[in-house]
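Visitor: Below: one structure in structure tokens.
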Amino acid sequence: MKKLTSLFASLALSLGALASAHAADQDLVTRGQYLARAGDCMACHSAAGKPSFSGGLAIDSGHGIIYSTNITPDKEHGIGNYSEAQFAAAVRHGVRADGTQLYPAMPYPSYAKVSDEDIHALYAYFMQGVKPVATTPPASSMSFPFNLRWGMKLWNVFFANDKPFKEQDGWSAEIKRGAYLVEGLGHCGSCHTPRGFAMNEKASDSSQAQFLSGGDLNGWAVPSLRGMPHWSAQDIVDYLQTGRNKTASVAGEMSLVVEHSTAHLKPEDLQAIAVYLKTLSPVVASKSASVTPQGADATAKKLTAAKNLSLGERLYLDNCAACHFVNGRGAPGIFPALDGATVVNADNPSALLHVILAGARTPSTEKAPSILVMPGFAHRLSDKEAAELASFVRQGWGNQAGAVSESEVSRMRAGIAKHGS
Amino acid sequence: MTNKFSPSRRAVLAATAAAVPIVAIPLLKPARADGLEGIELQHYKPVFFDDAQWLFILAACDRLIPAEGRGPGALETNVPVFIDQQLHTGLGSDIYQQGPHQPDAPSTLGFQIPYAPQDVYRIGIKLTQQISQQQHGKPFEKLEAKDKDALLTALQKNGVDFAALGEAAMKPSQFFGQLLGDTKNGYLADPMYGGNKDMKAWVAIGFPGARAAYTEWVDQHNVKYPLGPVSLSGKRA
Amino acid sequence: MPNITNDDVDVVIVGLGWAGSIMAIELAQAGLKVRALERGPDRPPEDFAYPKPADQYGYATRNKVFATPRDAALTVRYNTAQQALPTRKWGAFAPGTGVGGSGLHWTAVLIRATPTDLKLKTYADQAYRHSNLDPEMRIKDFPFTWNEIEPHYDFFDKVCGLSGNTGNLRGQIQPGGDPFEGPRSNPYPLPPLHDTYNSSLFADVARKLGYHPFPNPSANVSTAWTNPYGAQIAPCNYCGFCSKYPCLNYSKASPQTTILDVVKRMPNFDYKVNANVIRVDLHADKKTARGVTYIDENKKEVFQPAKIVILSSFQFANVRLMLLSGIGKPYDPITETGVIGRNYAFLSNGGATLFFKDKNFNSFATAGATGEMFNDISPGNFDDGIKLGFIGGAKIHSSQASGAPIGTALPPGTPSWGKGWKEGMIDWYDHSMKISITTTCMSYRGHFLDLDPNYRDPWGQPLLRMTFDWRQNELKLQRYLRDIVLKISKELNPDHLSEGFLGLDSHWDITKYVSTHNVGGAIMGDSPRDSALNKYLQSWDVHNVFVPGGNAFPQNFQANPTATIGAITLMAAQAIKTQYLKNPGPLVQA
């Protein structure tokens, strides 16, 4: 009896040890899962209708199609045979285990900033927390000379910044955390930093004035994140957490970023990102000096009276006022304000035109589950009408941005048809 | 909105009466709604009604909502196109049709005749034409306006008898009710259905159409709303 | 024998309208595996994006989002001597279908019953003890108290963003609200919708005559609202396309805007559309259900096993399913035995249309619930009924649910066609307003639901047969109300007036739309002798079947039913969560 008891006791002890080791393991995997959310790995490595992280998403680089790879731990089709060092090399430096270079569609220049600790957790997640999938996605097909991968080595020499994360002077712990997330896993610069002729990001960290100063994504003017002078930190947190805040609503690619990535971050991490962004010196927006805003009162009065309307004003009443109302203020958290909106006042009207033609849709998130759909008006507006409408909105109320031409609308309409809405 | 040439009502009737069979200039696919708004009545070839029935429909609509007096008439607003399209695209497919039917049920128990709207028109037009021949020796569309009105009134009030002509189930008033209801619907519906051409009926009565945004108007009591209508397709008037 | 059997679930919900959606979220949030089966199609927000719903002909004339009589007809007769005939076209009522049910396109008047309404039999036994009410009348009390139901009313008000003026806050009468409402634990969540011209004219006169008008309590929401589930509703823009239309700007409380985006995030909830449930399948001892059988979109018969069955397919569809499945004994009006089909009631409406040459009503600028009403004529709050020998009352209101032009009322004498009609439209469109009544309706021994012996649906099952007509009680009430409405109308001095009220010899005209507030047939009560369900909407006979819906009302009060349906459903959901799961069985001892 005694022997059995001690056998059970030692079994229990080792099971307990195994259990706590397993628990520690599980913590690491959970942390890695959280970091994968921050890095939004699934945005590219998960494709609709296919199992998670098995790749196969077609990315139009402008020079051919890049297909994302299978990063499940399948030993034949995925990264199951990668050591942690090989995993780190791929993530931070864009080098596959067999030595080939990845295209910087994989944002390895940003991920170069990810700490060893976090790489370790990510590795644990992808090795143990993800289901292996036995499929190989199609091979990428880039046009000449971009199909010559050895050329990426040269590109990296000139353009890739693989320096690790560097803390700036005067940062609090919270700001440092925000900067680490934004510069690194968040890879916000991939869209929000301008790119050079070789498609390289022109800045890669907080020490550079062009970092996050705005970019262009397939014809969509991406706003600057520097300082965010029109939003409070809470506005930024709300937006990242739900895709909406009291005046704005997410549209375009960022909707997916909110849905799959930022909506899953802890409130304190979102707060850190917000606080960090507000430390960056804002880009001085070039206001169109030739544009005089109509004035908030004047626009509301004119639209209300509904007499002697310009075509743009008439179109606004026929298409927009149902949700954005004659005061252009929408409804807090539901219908974005047009008066003072960044997307309306941007020098480049492409994002505004995209939304007018193709609509927008809030993601469903934990904190704000409602999916609110703005319809596209492409079928209801000619190019000329859309141009008149956008031009009106861009100087209505307090807005101060230049008129939009019919040809800009035609180009945007063609672009939407080509890329899909 | 450019001003489109609107043929006079007489020209339409004359053209259609004279052209038997009707000469079809560009045939528009009837099922697609956006095609219907651009139709010119005198060039429209019906898809449900045959040529003879079409002449009746044009003439009947022309009396139910005539051109004379203030406001547009049914022909100017393409109401017959609406009716033809509705009958062609499944109007009445939602009716419960299983028998047995009891056509002589009290009217308060609702529609009980064994007909879809398509049958109502087919039978109603045939019998009305028979009565017109009996009473005047001419088809309906060739009658004087006052005689057309009298016959329509007789249909409405059951002043003529379908049963005597062998129609056991449907009363004239039921045919008339279907026709008048569809005529008014075509007059006042969104133009995408083929009637209310260029929103003329809405303009005449002062209905703003599909704008559907009046937050700033709900408090303006007894103030005449100044803005013309917009259609679902975005056209303005 | 069904060809396919689905995976097991804890709860199967039949019909994903208001009641089904409430049950879905409440039970899924409690951790149960929940599946909803909806007969009609899915109804995602893209389908109703602005301006698509601004289409009177499509939605209000062709009934785009309604069930069709072809698929969902009933048969109707006035009394048992007649053969019932099918509702070949909709008339007096029109049921919804699809995800959201009628909640997608309702008028959004969200108003509670009064405490007297809920205990009408107790009230009548006392107040009418010297009167001769119709001996065939069968009114009953609801089997719960005001205090039991009030927290659920309160919660549903918040789910829907109820907008209006509080009338009675914890016993204190508040200015601007309904002084006759039952005491609320909390004020209305949001301020009222704005009054349109007609409502302000009406309210001024009503007040002058001594009545107590207040803005219609509205679930067209007045300002941006986030409900207790986290769902968002937008401010109403008075678009004029409300009753019978899906909302084009997220401002009408519906299952879509208030619940479904939330519950669809939960991995333990899913739903199937185009799934027509044809029966509930019982175990051999008939004391519990083992699941339901439905016809799927490929016309295959499928069995869905479940531990709990919720029937939330609308009032008469619920009753029909119980009859088709053998849940509870069918009602026999002659012996007055049986309970399924018993206590069926409807409601009546009517009113006056007032024409003013020189007034512009802008009737197209309106929400469904815009309007002013008063409840002075309600059981317990006026004596004339007792004197005149009728029981009941009515909301008296001026509302303006839509100003779209098809069906515009024209002054008496206007020709129905021709130049006179055309010019009448030009002269009188938007120059009229209505003063309307929406009445109570008692239940009677001879008004009931059963299965029709002659007519079937496309799936081969007998149609539900409805035996109903007006009785003198309701007709006397109508004549009484007519006097009040005409008095108010006279004060407003219109250029023309037309009226529509029932006469003392009126039969129910099923061709004229009243409202789809059909109630009863599977009522809740204290005893299985004369009710089908207990206070938790649990079948007395089959304890894992719950039947939330208007079917539970023993008679109809004058308030719109949705608020009370929401409240009793929430109360039932709570009972399932806190009592039934721990101890499956009858929750109330008969």
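Residue numbers (my numbering), protein chains in the order written: chain P, 15 to 435; chain H, 11 to 247; chain F, 160 to 749. Every residue gets a Cβ at the ideal spot worked out from N, C-alpha and C, and that includes glycine.
Nearest chain F C-beta to H/Pro40 closer than 9 Å, yes or no?
Guide: Low confidence applies to H/Pro40: its pLDDT is 31, below 50, so where it sits in the model is not reliable, and the reading given next is rough at best. Output row for H/Pro40: interface = no.
Visitor: Counting only C-beta atoms, is P/Thr276 closer than 9 Å to chain H at any point?
Guide: Closer than 9 Å: no.
Visitor: How about the stretch 720–738 of chain F and the stretch 688–707 of chain F: do they share at least three Cβ pairs that are nearer than 8 Å?
Guide: The stretch 720–738 of chain F is in contact with the stretch 688–707 of chain F.
Visitor: For P/Ile85, is the classification buried or exposed, using 16 other Cβ atoms within 10 angstroms of its Cβ as the cut-off for buried?
Guide: With 16 or more Cβ atoms within 10 Å of its Cβ, P/Ile85 is classed as buried.
Visitor: Give a yes or no on whether the C-beta atoms belonging to F/Leu407 and F/Phe207 are separated by under 9 Å.
Guide: Result yes, Cβ atoms of F/Leu407 and F/Phe207 sit closer than 9 Å.
Visitor: State buried or exposed for H/Asp61, treating a residue as buried only when at least 16 other CB atoms are found within 10 Å of its CB.
Guide: Result: exposed.
Visitor: So, are the CB atoms of F/Phe339 and F/Asn534 less than 9 Å apart?
Guide: Yes.
Visitor: Taking 9 Å as the CB-CB cut-off, is F/Gly259 touching chain P?
Guide: By this cut-off, F/Gly259 is not an interface position.
Visitor: According to DSSP, F/Cys398 sits in a beta bridge with which residue or residues?
Guide: According to DSSP, which records beta bridges pairwise, F/Cys398 is partnered with F/Thr525.
Visitor: Using the C-alpha atoms, what's the distance from F/Arg424 back to H/Asp192?
Guide: Their Cα atoms are separated by approximately 45 Å.
Visitor: Going along chain P in order, which residues have a C-beta closer than 9 Å to the C-beta of F/Leu175?
Guide: By Cβ distance, chain P contributes nothing, its closest Cβ being about 17 Å from F/Leu175, past 9 Å.
Visitor: Does DSSP put F/Lys741 in a helix, in a strand, or in coil?
Guide: DSSP places F/Lys741 in coil when its eight states are reduced to three.
Visitor: Helix or strand or just coil, what does DSSP make of P/Ile287?
Guide: It is helical.
Visitor: Determine whether the beta carbon atoms of F/Tyr409 and F/Tyr218 lie at a separation below 9 Å.
Guide: Result no, Cβ atoms of F/Tyr409 and F/Tyr218 do not sit closer than 9 Å.
Visitor: Between F/His311, F/Ser557, F/Val432 and F/Leu349, which lies nearest to F/Gly260 when the distance is taken from Cα to Cα?
Guide: It is F/Val432.
Visitor: According to the neighbour-count rule (16 or more other Cβ atoms, all chains shown, within 10 Å of its Cβ), is F/Gly341 buried or exposed?
Guide: Answer is buried; the Cβ neighbour count reaches 16.
Visitor: Classify H/Phe92 as helix, strand or coil using the three-state DSSP reduction.
Guide: The answer is helix: DSSP assigns H/Phe92 an H, G or I state.
Visitor: In the DSSP output, which residue or residues are listed as bridge partners for F/Cys600?
Guide: BP columns for F/Cys600 point to F/Asn715.
Visitor: Find the residues of chain F that neighbour H/His231, judging by a C-beta separation of less than 7 Å, and give them in chain order.
Guide: Tyr356 and Ser359, listed in chain order.
Visitor: From F/Thr382, F/Asp429 and F/Lys546, pick the residue whose C-alpha is nearest to that of F/Ser322; which is it?
Guide: Ranking F/Thr382, F/Asp429 and F/Lys546 by Cα distance to F/Ser322 puts F/Thr382 first.
Visitor: Kindly indicate if chain P contains any beta-carbon less than 9 Å away from that of H/Pro201.
Guide: No - not a single Cβ of chain P is within 9 Å of the one on H/Pro201.
Visitor: Which first and last residues belong to the alpha helix (DSSP H) in which H/Pro182 is found?
Guide: Unbroken alpha helix (DSSP H) run through H/Pro182: Pro182 to Leu198.
Visitor: For my contact list, F/Val173 and F/Leu480 are in at a C-beta cut-off of 8 Å; report their separation, rounded to the angstrom.
Guide: That belief holds up - the Cβ atoms of F/Val173 and F/Leu480 are roughly 7 Å apart, short of 8 Å.
Visitor: For F/Tyr739, I'd like the list of residues in its chain whose CB is within less than 7 Å of its CB, leaving aside the five on either flank, ordered along the chain.
Guide: Contacts found: Leu746.
Visitor: Which two residues bound the contiguous alpha helix (DSSP H) that contains P/Glu131?
Guide: First-last of the alpha helix (DSSP H) with P/Glu131: Asp130 to Ala138.
Visitor: Compare the C-beta of H/Leu162 against all C-beta atoms of chain F and say whether one is closer than 9 Å.
Guide: Interface residue, yes.
Visitor: Closer than 9 Å between beta carbons: that is the criterion. Which residues of the stretch 207–219 of chain H meet it against chain F?
Guide: Cβ contacts with chain F come from Ala211, Trp212, Ala214, Ile215, Gly216, Phe217, Pro218 and Gly219.
Visitor: For H/Leu38, does the count of other Cβ atoms within 10 angstroms reach 16, so buried, or fall short, so exposed?
Guide: Legend: pLDDT at H/Leu38 = 33, less than 50; position of this residue unreliable, no value from coordinates given.
Visitor: Please report how far the alpha carbon of F/Leu610 lies from the alpha carbon of F/Thr246, in whole angstroms.
Guide: C-alpha separation (whole angstroms): 14 Å.
Visitor: For the stretch 192–214 of chain F, which residues have a CB atom closer than 7 Å to at least one CB atom of chain P, in sequence order?
Guide: Of all residues in the stretch 192–214 of chain F, Pro204, Glu205, Ala208 and Tyr209 have a Cβ within less than 7 Å of some Cβ in chain P.
Visitor: Looking at the structure shown, is H/Arg42 part of a helix, part of a strand, or coil, going by DSSP?
Guide: Because the pLDDT at H/Arg42 is just 32, under 50, the model does not fix this residue reliably, and the value given afterwards should be weighed accordingly. Of the three classes helix, strand and coil, the one that applies to H/Arg42 here is coil, per DSSP.
Visitor: Considering only the alpha carbon of each residue, which of P/Val305, P/Phe179, P/Leu42 and P/Ala57 lies closest to P/Leu270?
Guide: For the residues P/Val305, P/Phe179, P/Leu42 and P/Ala57, the minimum Cα distance to P/Leu270 belongs to P/Ala57.
Visitor: Of all the options F/Arg229, F/Cys398 and F/Phe473, which has the alpha carbon lying nearest to the alpha carbon of F/Lys411?
Guide: Taking only the C-alpha atoms, the option nearest F/Lys411 is F/Cys398.
Visitor: Between P/His206 and the rest of its own chain, which residues show a CB-CB distance below 6 Å, the 5 nearest in sequence each way excluded?
Guide: Leu226, Gly229, Val236 and Leu239.
Visitor: Does the Cβ of H/Val233 have 16 or more other Cβ atoms within 10 Å, making it buried, or fewer, making it exposed?
Guide: Exposed, since its Cβ has fewer than 16 Cβ neighbours within 10 Å.
Visitor: Can you find the residues in the same chain that come closer than 8 Å, C-beta to C-beta, to F/Ala232, ignoring five residues on each side of it along the sequence?
Guide: Closer than 8 Å at the Cβ level, and outside the excluded window around F/Ala232, lie Pro245, Thr246, Arg247, Tyr614, Asp616 and Leu622.
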